[in-house]
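*Asks:*
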Amino acid sequence: MSMLTHGLERPLAWAERPVLISAARKAQLKRLALGALTLLSMGSVLTALIALRTAIYVWHLHP
Numbered sequence: 109m110s111m112l113t114h115g116l117e118r119p120l121a122w123a124e125r126p127v128l129i130s131a132a133r134k135a136q137l138k139r140l141a142l143g144a145l146t147l148l149s150m151g152s153v154l155t156a157l158i159a160l161r162t163a164i165y166v167w168h169l170h171p
């Protein structure tokens, strides 16, 4: 069984060193995250508008 987990028993070298992120990279990641959040918000608003329009249409269709 140890042959199957041999690769997992070694310590992770990348986990031991500190992560250094430059200020420019942080700003770039922040812009990317903000853009993704904006896109998701716009999608949610569009979905809500479509649902509202459908509800109004169905409401007028069946008085």
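Numbering of the sequence shown is given in our numbering, commencing with residue 109 and proceeding in unit increments. Just so you know, even glycine gets a beta-carbon here, dropped at the ideal spot from N, CA and C.
1) How many Å lie between residue 137 and residue 169 at the Cα?
2) I'd like the list of long-range same chain contacts for residue 150, defined as Cβ closer than 8 Å, with 5 residues on each side in sequence excluded.
3) Where does residue 142 sit, in a helix, a strand or coil, going by DSSP?
*Replies:* Looking at the atomic coordinates:
1) 48 Å
2) none
3) helix
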